[in-house]
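So the sequence lines, in the order shown, correspond to chains A and B.
Just add 22 to the spot in the first sequence (first one is 1) and you have our numbering.
Just add 42 to the spot in the second sequence (first one is 1) and you have our numbering.
The structure appears right after this line, and notes come after that.
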Amino acid sequence: MPNLLLSSAEKVFILHGVNDDYRSDGRSNMDYRPMELETDVVSHASGSARLRLANTDILVGVKTEIDVPKPDKPNLGKIEFFVDCSANATPEFEGRGGEQLANSIANLMQRAYHSSQAFDLKQLSILEGKQFKGALFNTRIPLVKAVLMDGGNVDLQLSDDPYDSKLLDVTLCKIGEKCVVDPSAEEESCSAVSLIVGVTGNPRHYSTEALDAVPEGGKCSTIAINGPGSVAQPTLKDAIKQGM
Amino acid sequence: MDIHGSEFYRNIRLASDRVNHSVASTTDLPRFYMPGEVITGMQDFMRGHGTSTVGDNLVSSVAGVLQKVNKLICVQPVRSRYVGEIGDVVVGRVVEVQQRRWKIETNSRLDSILQLSAVNLPGGELRRRSAEDAQLMRKHLQEGDLISAEVQSVFHDGSLSLHTRSLKYGKLTQGTLVKVFPSFIQRRKNHFHNLPCGISVIIGNNGYIWISPLHQNIMIEENKEEIQNDELQPVSRADRETMSRVKNCIAALVASDVKLDATSINFAYEESLKYESVKEFLEPEAMLDVAFLTQHRIKSFMEGYFECFILKTFS
Chain A
23 MPNLLLSSAE KVFILHGVND DYRSDGRSNM DYRPMELETD VVSHASGSAR
73 LRLANTDILV GVKTEIDVPK PDKPNLGKIE FFVDCSANAT PEFEGRGGEQ
123 LANSIANLMQ RAYHSSQAFD LKQLSILEGK QFKGALFNTR IPLVKAVLMD
173 GGNVDLQLSD DPYDSKLLDV TLCKIGEKCV VDPSAEEESC SAVSLIVGVT
223 GNPRHYSTEA LDAVPEGGKC STIAINGPGS VAQPTLKDAI KQGM
Chain B
43 MDIHGSEFYR NIRLASDRVN HSVASTTDLP RFYMPGEVIT GMQDFMRGHG
93 TSTVGDNLVS SVAGVLQKVN KLICVQPVRS RYVGEIGDVV VGRVVEVQQR
143 RWKIETNSRL DSILQLSAVN LPGGELRRRS AEDAQLMRKH LQEGDLISAE
193 VQSVFHDGSL SLHTRSLKYG KLTQGTLVKV FPSFIQRRKN HFHNLPCGIS
243 VIIGNNGYIW ISPLHQNIMI EENKEEIQND ELQPVSRADR ETMSRVKNCI
293 AALVASDVKL DATSINFAYE ESLKYESVKE FLEPEAMLDV AFLTQHRIKS
343 FMEGYFECFI LKTFS
């Protein structure tokens, strides 16, 4: 919330807290608030999930269709994202107010899933050159802090298991010298710049193979910067590492 | 740190496991009225705040609990903005500096006003406010600053006029603000508390609660320089931990609809000590546990108090 006023002393307090790795509700810089996940909430979608974190509420639906692929990529399926910001979240989203934010998130998601290492579009193709399945439809309600996407699997079933997440966007807010995940509104107003890092899930968490056979650690598939501030190179590297 | 580790996922729970935060037993729950619900027929009752007449019936116009004083029936809304009364302690934020007055956001329907003539100016002596003072207003309080103040008067439109003409009121420095609904605040004689755990809280009647380290209350205008330095001093880790614990205690009590005053916050703090790390106690189960234990202690405390009272009166 950009219009949130804070006094300088409060900002100093938050800043010192972040430096100390101890925030005002007892979390460290890398702790999230408790989240709540619900699956299969939309009956029309092939798979859907709803994630709630404090005042953020995200509804994601995956819809699949059989379509003809692009002529230049006959063996690949395609994913499309659509984001909508509900005006129930804030009056600013009324009319076309949330459109800019929605488009930027949709583009970001598109970019995050662009790499074949993040999400293999080959999985979606049924008959090479002829048809493919897959259109991801993503609906989102208020201000984004972290978007969790359940990858649309080939068999199009979303399990109840949150460990299944394949790609994750982590938003880091730079406050002072350090970066923070899941900032509260007050903390957000202290930071001039935030960094969104798209990370592929740690294969260990959803692979069926033996643990030793799978490499550990995710890969970074996208980076985006928000806000008027700037990020120095070493901070950027640290932040990306932190995000992963 | 690896966020894909189990620690990250422990934070995600399923909606089916959602915790019911209610701690009140069903017997002592007051009757809750919904908007439009018929309270009574109109026969010799007086229509108070939060009610209206439809036909021959008195109906509630807000969602809340009934309050009856003789023939006067009011419904007090559970969620509302702050309705000020003279003498209330409030915590507010400066949103605008105007001609010889500040506009203060106090969670009421209209912004409150702090006149230049209603503040203690540096130096302390009482004098007429000169044009110079008016020009230096932003030096005293600027946009975004938090203050504690007292309601001096209520204008006819319901907006409030505040004053800070006492050493206990004035600008707040380092600390955190917690916002709750004003109906959660228990009215007490004193709203400034130094808790035994070593921090101070200001429980504003308007639902804004200010949590700060203890030392900042010694605010004497003479050592203004010192205060300015103090503003930038980092708060110690121990203080920070206690403050966040108190903050989470308040969140737990509010989630379970327990009224807030120094006693309930203190009890909740003591009950929460069994959770070693403060963030553990952001989990809904832990919040409910603390609120439940607190409610229980308040109840037995009140019963003990009543017994004493009865013994004293009737013996």
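By construction, the Cβ of each residue, glycine as well, lies at the ideal position given by its N, Cα and C atoms.
Contacts that residue i makes with chain B (C-beta to C-beta distance below 8 Å)
i, result
"PHE35/A", "GLN216, GLY217, THR218, VAL277"
Residue-level contact to chain A via CB, residue i, 8 Å cutoff
i, result
"ILE245/B", "no"
"ARG180/B", "no"
"GLU138/B", "no"
"LEU158/B", "no"
"ASP331/B", "no"
"GLU312/B", "no"
"LEU353/B", "no"
"ARG123/B", "no"
"LEU295/B", "no"
"ARG60/B", "yes"
"LEU188/B", "yes"
Under 8 Å by beta carbon: chain A residues contacting residue i
i, result
"VAL320/B", "ASP47, GLY48"
"ASN18/B", "Given that chain B is displayed from residue 43 to residue 357, the structure contains no residue 18/B and the question cannot be resolved."
"SER286/B", "TYR44, ARG45, SER46, ASP47, GLY48"
"GLU185/B", "LEU27"
Under the three-state DSSP convention, the category residue i falls into
i, result
"PRO113/A", "helix"
"MET76/B", "coil"
"SER288/B", "Reading the sequence as shown, one finds Val at residue 288/B and not Ser. Helix."
"ASP182/A", "Below a pLDDT of 50, predicted positions are generally treated as unreliable, and ASP182/A, at 32, falls in that range; no measurement from the model is reported."
"PHE343/B", "helix"
"VAL320/B", "helix"
"PRO119/B", "strand"
"HIS182/B", "helix"
"VAL296/B", "helix"
"ASN112/B", "coil"
"GLN275/B", "coil"
"ASP79/A", "strand"
"MET52/A", "coil"
"SER242/B", "strand"
"HIS235/B", "strand"
"ALA191/B", "strand"
"GLN85/B", "coil"
"ALA67/A", "coil"
"TYR250/B", "strand"
"ALA105/B", "coil"
Contact set for residue i: own chain, Cβ-Cβ below 7 Å, skip 5 residues either direction
i, result
"LYS289/B", "THR218, VAL220, ILE253"
"PHE35/A", "none"
"LEU256/B", "ASN236, GLY240, ILE241, SER242"
"ARG151/B", "ARG123, GLY200"
"SER195/B", "ILE128, SER203"
"PHE87/B", "LEU100, LYS113, ILE115"
"LEU335/B", "GLU313"
"GLU31/B", "The structure shown does not extend to residue 31/B, since chain B spans only 43 to 357, so no value can be given for it."
"ASP303/B", "GLN228, ARG230, ILE245"
Partner residues on chain A for residue i, Cβ-Cβ distance less than 9 Å
i, result
"ARG135/B", "LEU27, LEU28, SER29"
"LEU100/B", "None at all; the shortest Cβ gap to chain A is about 33 Å."
Partners in chain B for residue i, counting only beta-carbon separations shorter than 7 Å
i, result
"GLY39/A", "ARG282"
Interface flag, residue i vs chain B, CB-CB below 8 Å
i, result
"ASP42/A", "yes"
Contacting residues, own chain, Cβ-Cβ under 8 Å from residue i (five flanking each side not counted)
i, result
"TYR347/B", "none"
"THR93/B", "ILE81, LEU100, VAL101, SER102, SER103, ILE115, CYS116, VAL117"
"SER70/A", "THR61, ASP62, VAL63, VAL64, LEU81, VAL82, GLY83, VAL84, LEU180"
"ARG73/B", "VAL107, LEU108"
Cβ-heavy atom distance, residue i to the ligand GTP, below 7 Å
i, result
"LEU324/B", "Judged by which ligands are present, the structure shown has none, so any question about the ligand GTP falls away."
Spatial neighbours of residue i in its chain, beta-carbon cut-off 6 Å, leaving aside the 5 residues before and after
i, result
"ALA297/B", "HIS63, MET329"
"VAL161/B", "THR206"
"THR155/B", "It should be pointed out that residue 155/B corresponds to Ile in this sequence rather than to Thr. Result list for ILE155/B: ARG143, SER203, in chain order."
"LEU26/A", "ALA207, SER211"
Tell me, please, whether the region 123 to 130 of chain B touches the region 170 to 182 of chain B by the rule of three or more beta-carbon pairs shorter than 8 Å.
no
Check whether the region 194 to 210 of chain B and the region 276 to 285 of chain B are in contact - that is, three or more C-beta pairs closer than 8 Å.
No contact exists between the region 194 to 210 of chain B and the region 276 to 285 of chain B.
Could you say if the region 31 to 51 of chain A and the region 139 to 148 of chain B meet the contact criterion of at least three C-beta pairs nearer than 8 Å?
Contact fails: fewer than three Cβ-Cβ distances are below 8 Å.
Given 8 Å as the limit, is there contact between the region 235 to 254 of chain B and the region 301 to 314 of chain B, that is, 3 or more CB pairs closer than that?
yes
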